[in-house]
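Enquirer:
Number of protein chains: 2
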Amino acid sequence: MDRETCLSFDRQDPLAAMREAFAIPDGVIYLDGNSLGALPRQTVQRIDQVITEEWGAGLIRSWNNAHWIDAPARLGDKIARLIGARAGEVIVADSTSVNLFKLLAGGLRLQPGRHFILTEAANFPTDLYIAQGLIELLEGNHALRVVERAELERALDGSVAILMLTHVDYGSGEIHDMRRLTSAARKHGTLTLWDLSHSAGAVPVDLNASQVDLAIGCGYKYLNGGPGAPAYLFIASALQEAMRSPLSGWMGHAAPFAFEPDYRPAQGIARQLAGSPPILSMLALEVAVDLWLTVNQQEARRKSMALGDLFIKLVDETLRDLAVEVASPREAQIRGSQVSLRHKQAYRVMRALIDRGVIGDFRTPDLMRFGFASLYTRYVDIFDAISCLREVLITRAWQRPEYATRLTVT
Amino acid sequence: MDRETCLSFDRQDPLAAMREAFAIPDGVIYLDGNSLGALPRQTVQRIDQVITEEWGAGLIRSWNNAHWIDAPARLGDKIARLIGARAGEVIVADSTSVNLFKLLAGGLRLQPGRHFILTEAANFPTDLYIAQGLIELLEGNHALRVVERAELERALDGSVAILMLTHVDYGSGEIHDMRRLTSAARKHGTLTLWDLSHSAGAVPVDLNASQVDLAIGCGYKYLNGGPGAPAYLFIASALQEAMRSPLSGWMGHAAPFAFEPDYRPAQGIARQLAGSPPILSMLALEVAVDLWLTVNQQEARRKSMALGDLFIKLVDETLRDLAVEVASPREAQIRGSQVSLRHKQAYRVMRALIDRGVIGDFRTPDLMRFGFASLYTRYVDIFDAISCLREVLITRAWQRPEYATRLTVT
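Line order of the protein sequences matches chains A and B.
First residue of the first sequence? That's 1 in this note's numbering, and the numbers climb one at a time after it.
First residue of the second sequence? That's 1 in this note's numbering, and the numbers climb one at a time after it.
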């Protein structure tokens, strides 16, 4: 595999033109869209308009005239189209962690007599933490059952209220079989709650076809919504009437501006709103989601798999005897839009790469993650990133002492 | 009182120049800064920089290099200076509603055996709703005790875990005596939780001098942080070690990037963070708070009282026999930075005013609210607003049928 071949892949890439929609800085190969998606160029003008025209000139009137008040449901309906949900099943609100809390609390209420939330040890930590916090708040009636991935199906039984899983593993990128696990859970009357943070914009998700009950996901990774973009949550239509949010704020009230003394949940998914949404961050997410809606999802997935396959092929061909190991599935079908490599000095190697303009990230203790964003990652980027990695490993450039110092965000 | 006199007040106003820091549209008299503060001009450039340089060019590196990760604590420390708190006692996160949930849940845990949250019937509805949602989640061990304002002190006893009040009433603008009520609560071992949403940027608040335990507040009203700006919360230093957040997400973990399986709360106020913060909205708030920190707070309060006094004086002088009634305290010392008027057709009158460029808002059933933002409201604005109101009332312009249709946000 040579660079020229990669360039020819790019020339044949039906999504190649999408890269122009993003502001990728010169001299940077950005392989961390799984952590913070790149900036869609249109976001700059749109947010300037939101600030100067809608906030500045429209002032309070923009809640109506610029349809700010509808943004959580409007964006939810748009994201629904990306994850196999129907309009009215998704709403944008708060952070992924806060949304998880709402759905776990609401879900446990629907499962009286069932004491366990089942999850896997490798789940994204904040998901475990949120479940722990809720269980602590509920004072002893519930517990987290944490098992290894391979034990999940066997650990399902009539005592499990909710099976809580992240669809694509943040570390390895391995994809769970959502349909099989959801179906297994249903047989035991267990609700499923899927975290789609590394899925939406990366791999196909069809929540309704898989008969998923509940889901959450984040807006700032592959969706490109911007730093700390609001998150979303999904509740299957059939469950919405029964689901209550413990965070019963006024935006989820049936009549927020009636100022009634008692909480009365809004119909449907809207009751999952709590306080006023951060409009600037939310409308930046909308630009990015709108961009996604112009893309053929199958095409995006095909490219994401091809980029990952190319990455692994180049690792195999060029990084032999350099002490790196592929820590992601080699089979594209069960791999998200990332490849992780294991190296004993992963942190320092990643710092050296970033210093050279190849941006991935590190996950403790020894993983380098490289994410592929079909909308803006090129085949030649993969080639150049691996060349850079080879150079860093061969020259042992990672040994420079400044790469040992830990940054706050790593 | 004539217009020329009002103009002379503006010429003598030591804060007059601050208006230039805001983008107030031509033809608008904006008296709704108590609902959504106006746009600081600097916000436009700052957010453009955040988007193009920090997100676009800096990408994931900006969590460190642009200090995004420190924003919640940094902004908290700045807001602390506006509300009489110390550095490390305030953090910016989530929405006011979500922060209230955290502090109520954390506070109840500190008060075993005490079953009541005491509040007043006129509290802002979302505060009541959030308390109701938490109580429902905790399944019957707690209850909300709702009394009239005058009964609050008498309703305090050893069964009250938390006294939850909004400092400045959203309807009437009446200010509670924070020091007296807090002191009364302390005598019964009751924690106090103050909602400062209509206080910060409007009236002096000295949380430490009043020995307040807990507080929350919103960023998008008098602070001018932008639509749905993140909110803040305060926990007195002495309580921080004992307070847990039920929303125990990774941003509140002692080592968020260690990816440990179990939640371990960060030291101090940082443990009140849950998920990733919406950076665009948060950094817009920072511009606005920085602007506030350049202002003499006493001067701002003096002006806010003078604007309210002028408003009431003009109502008395020019709106006699026009069926409006002042629904706010006439004594400036106990009045927030707003005056509310009662009128049987308040909704329609307000719609007619807004149509004529005088923007206040309506609160059910019969209140017109007019907020005064010391940083950009002029004395002449008050004069012109009252003239417009007089015109609308005398001509009965509010009778036009289109003013009867209810907008989503009213």
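Backbone N, C-alpha and C fix where the C-beta goes; we use that ideal spot for every residue, glycine too.
Counting Cβ pairs, one atom from each stretch, are 3 or more of them under 8 Å apart for the stretch 74–85 of chain B and the stretch 248–267 of chain B?
Expert: Contact fails: fewer than three Cβ-Cβ distances are below 8 Å.
Enquirer: Three or more C-beta pairs closer than 8 Å, one from the stretch 19–30 of chain A and one from the stretch 30–49 of chain B: is that the case here?
Expert: Touching, no.
Enquirer: Using three-state DSSP, classify B/SER197 as helix, strand or coil.
Expert: Position 197 of the second sequence, counting from 1, holds the residue named residue 197 of chain B. Here B/SER197 sits in coil by DSSP.
Enquirer: Just to confirm, is the Cβ distance from B/VAL295 to B/THR43 under 8 Å?
Expert: Numbered from its first residue, the second sequence carries residue 295 of chain B at position 295. Numbered from its first residue, the second sequence carries residue 43 of chain B at position 43. Contact flag unset, no.
Enquirer: From which residue to which residue does the alpha helix (DSSP H) around A/ARG179 run?
Expert: Residue 179 of chain A sits at position 179 when you count from the first residue of the first sequence. First-last of the alpha helix (DSSP H) with A/ARG179: 178–187.
Enquirer: Between B/SER237 and B/GLN272, how many whole angstroms is the CB-CB distance? I'm expecting something under 8 Å.
Expert: For the purposes of this step, residue 237 of chain B is identified with residue 237 of the second sequence, where counting begins at 1. For the purposes of this step, residue 272 of chain B is identified with residue 272 of the second sequence, where counting begins at 1. Not quite, the Cβ-Cβ distance comes to about 13 Å (not below 8 Å), so this is no contact.
Enquirer: Just the chain E side, please: which residues come within less than 7 Å of B/HIS253 by C-beta, in chain order?
Expert: Note that chain E does not occur in the displayed structure, where the protein chains are A and B.
Enquirer: Which class does B/THR338 belong to by DSSP, given the choice of helix, strand or coil?
Expert: Within the second sequence, residue 338 of chain B is the residue found at index 338, counting from 1. At residue 338 of chain B the sequence reads Gln, which differs from the Thr that was named. DSSP places B/GLN338 in strand when its eight states are reduced to three.
Enquirer: For A/ASP309, which residues in the same chain have their Cβ closer than 8 Å to its Cβ, ignoring the five residues on either side in sequence?
Expert: Numbered from its first residue, the first sequence carries residue 309 of chain A at position 309. Counting only Cβ-Cβ distances below 8 Å, and skipping sequence neighbours, we find ALA332.
Enquirer: With respect to the beta strand (DSSP E) encompassing A/PHE259, which residues constitute its N-terminal and C-terminal limits?
Expert: The residue given as residue 259 of chain A occupies position 259 in the first sequence. Careful: A/PHE259 lies outside any beta strand (DSSP E) and carries neither H nor E.
Enquirer: Is the beta carbon of B/ASP10 sitting closer than 8 Å to the one on B/ALA17?
Expert: Here residue 10 of chain B is taken as the residue at index 10 of the second sequence, counted from 1. Here residue 17 of chain B is taken as the residue at index 17 of the second sequence, counted from 1. Taking 8 Å as the Cβ cut-off, B/ASP10 and B/ALA17 do not qualify as a contacting pair.
Enquirer: Just checking: is the beta-carbon of A/TRP63 within a distance shorter than 8 Å of some beta-carbon in chain B?
Expert: By one-based count along the first sequence, residue 63 of chain A stands at place 63. So yes, A/TRP63 belongs to the interface.
Enquirer: Tell me which same chain residues have a C-beta within less than 6 Å of the C-beta of B/PHE311, skipping the five on either side of it?
Expert: Mapped onto the second sequence, residue 311 of chain B falls at position 311. Cβ within range, chain order: VAL339, ILE382.
Enquirer: Does the stretch 298–307 of chain B come close enough to the stretch 364–378 of chain B that 3 or more CB-CB pairs lie under 8 Å?
Expert: With a cut-off of 8 Å, the stretch 298–307 of chain B and the stretch 364–378 of chain B count as touching, because enough Cβ pairs lie within range.
Enquirer: Near A/GLN345, what residues of its chain come up, given a Cβ to Cβ distance below 6 Å and the 5 sequence neighbours on each side ignored?
Expert: Locating residue 345 of chain A in the first sequence gives position 345, counting from the first residue. For A/GLN345, where only same-chain residues beyond five positions count, the Cβ hits under 6 Å are TRP398.
Enquirer: When you check each C-beta in the stretch 47–61 of chain B against every C-beta of chain A, which residues fall closer than 9 Å?
Expert: Against chain A - using a Cβ distance shorter than 9 Å - the residues of the stretch 47–61 of chain B are ILE47, ASP48, VAL50, ILE51, THR52, GLU54, TRP55, GLY56, ALA57, GLY58, LEU59, ILE60, ARG61.
Enquirer: Whose C-beta lies closer than 8 Å to the C-beta of A/PHE124 among residues of the same chain, with five residues either side of it excluded?
Expert: As a position in the first sequence, residue 124 of chain A is number 124, starting the count at 1. Only THR166, TYR170, ASP195, SER197 meet the Cβ criterion.
Enquirer: Rounded to whole angstroms, what is the Cα-Cα separation between A/ASP127 and B/ALA270?
Expert: Locating residue 127 of chain A in the first sequence gives position 127, where the first residue counts as 1. Locating residue 270 of chain B in the second sequence gives position 270, where the first residue counts as 1. Cα to Cα, the separation comes out at about 18 Å.
Enquirer: Any idea if B/THR119 is buried or exposed, counting beta-carbon neighbours within 10 angstroms, 16 or more meaning buried?
Expert: The residue labelled residue 119 of chain B in the question sits at position 119 within the second sequence. Counting Cβ neighbours within 10 Å, B/THR119 comes out buried, since at least 16 surround it.
Enquirer: With a Cβ-Cβ cutoff of 8 Å, do A/VAL160 and A/THR190 count as a contact?
Expert: Taking the first residue of the first sequence as 1, we reach residue 160 of chain A at position 160. Taking the first residue of the first sequence as 1, we reach residue 190 of chain A at position 190. Going by C-beta atoms, A/VAL160 is nearer than 8 Å to A/THR190.
Enquirer: From the DSSP secondary-structure annotation, give me the bridge partner or partners of B/ASP361.
Expert: What you label residue 361 of chain B is simply residue 361 of the second sequence in a count that begins at 1. Beta-bridge pairing links B/ASP361 to B/ARG369.
Enquirer: Rounding to the nearest angstrom, what Cα-Cα distance links B/ASN64 and B/LEU181 in this structure?
Expert: Taking the first residue of the second sequence as position 1, residue 64 of chain B is located at position 64. Taking the first residue of the second sequence as position 1, residue 181 of chain B is located at position 181. Cα-Cα distance, rounded: 43 Å.
Enquirer: On the three-state DSSP scale, how would you describe B/ARG11?
Expert: In the second sequence, counting from the first residue as 1, residue 11 of chain B sits at position 11. Helix, per DSSP.
Enquirer: Using 8 Å for Cβ pairs, my map puts B/VAL392 next to B/VAL324. What's the rounded Cβ distance?
Expert: The sequence position of residue 392 of chain B within the second sequence is 392, counting from 1. The sequence position of residue 324 of chain B within the second sequence is 324, counting from 1. Their Cβ separation, rounded to whole angstroms, is 11 Å, which puts B/VAL392 and B/VAL324 out of contact at 8 Å.
Enquirer: Starting from A/ALA284, trace the alpha helix (DSSP H) in both directions and tell me its first and last residue.
Expert: Locating residue 284 of chain A in the first sequence gives position 284, where the first residue counts as 1. It spans 279–292 - the alpha helix (DSSP H) in which A/ALA284 sits, taken as one unbroken run.
Enquirer: Between A/ILE175 and the rest of its own chain, which residues show a CB-CB distance below 7 Å, the 5 nearest in sequence each way excluded?
Expert: Here residue 175 of chain A corresponds to residue number 175 of the first sequence, with the count starting at 1. Excluding positions up to five away in sequence, the list reads HIS167, VAL168, VAL203, ILE334, ARG335, GLY336.
Enquirer: Under 8 Å, Cβ to Cβ, is there at least one residue of chain A near B/ASP355?
Expert: As a working mapping, residue 355 of chain B is identified with position 355 in the second sequence. Answer no: the Cβ-Cβ gap between B/ASP355 and chain A never drops below 8 Å.
Enquirer: Strictly below 9 Å CB to CB, what residues from chain A border B/VAL462?
Expert: A query on residue 462 of chain B cannot be resolved here, the shown segment of chain B reaching from 1 to 410 and no further.
Enquirer: For B/PHE116, which beta-bridge partners are listed by DSSP?
Expert: Along the second sequence, one-based indexing puts residue 116 of chain B at 116. In the DSSP output, where bridge partners are listed per residue, B/PHE116 has B/ALA143, B/VAL160.
Enquirer: So is B/THR395 buried or exposed if we call it buried at 16+ other beta carbons inside 10 Å?
Expert: Residue numbering aside, residue 395 of chain B sits at position 395 when the second sequence is read from its first letter. So B/THR395 ends up on the exposed side.
Enquirer: How many whole angstroms separate the CB atoms of A/ILE47 and B/ILE51, which I take to be in contact at a CB cut-off of 8 Å?
Expert: One-based indexing of the first sequence puts residue 47 of chain A at position 47. One-based indexing of the second sequence puts residue 51 of chain B at position 51. Contact flag correct, Cβ pair sits at about 6 Å.
Enquirer: Starting from the C-beta of A/ASN208, find all residues in its chain whose C-beta is less than 7 Å away, skip the five residues before and the five after it, and write them out in chain order.
Expert: Translated into the one-based positions of the first sequence, residue 208 of chain A becomes position 208. Once the five neighbours on either side are set aside, the close Cβ partners of A/ASN208 are GLY84, ALA85, ARG86.
Enquirer: Helix, strand or coil for A/ALA38 per DSSP?
Expert: On the first sequence, residue 38 of chain A is found 38 positions in, with the first residue counted as 1. If DSSP states are grouped into helix, strand and coil, A/ALA38 belongs with coil.
Enquirer: Please list, in chain order, all residues of the same chain as A/ALA404 whose beta carbon is under 7 Å from its beta carbon, the five residues on each side excluded.
Expert: Along the first sequence, read from residue 1 onward, the residue named residue 404 of chain A stands at position 404. Contacts found: ARG348.
Enquirer: Identify the contact partners of A/ASP77 in chain B, using a Cβ-Cβ distance below 9 Å as the criterion.
Expert: Taking the first residue of the first sequence as 1, we reach residue 77 of chain A at position 77. Going along chain B, no residue has its Cβ under 9 Å from A/ASP77, so there is no contact; the nearest lies around 17 Å.
Enquirer: Using a threshold of 8 Å, state whether the C-beta atoms of B/SER248 and A/ILE130 are closer than that.
Expert: Against the second sequence, residue 248 of chain B aligns to sequence position 248. Against the first sequence, residue 130 of chain A aligns to sequence position 130. Contact: yes.
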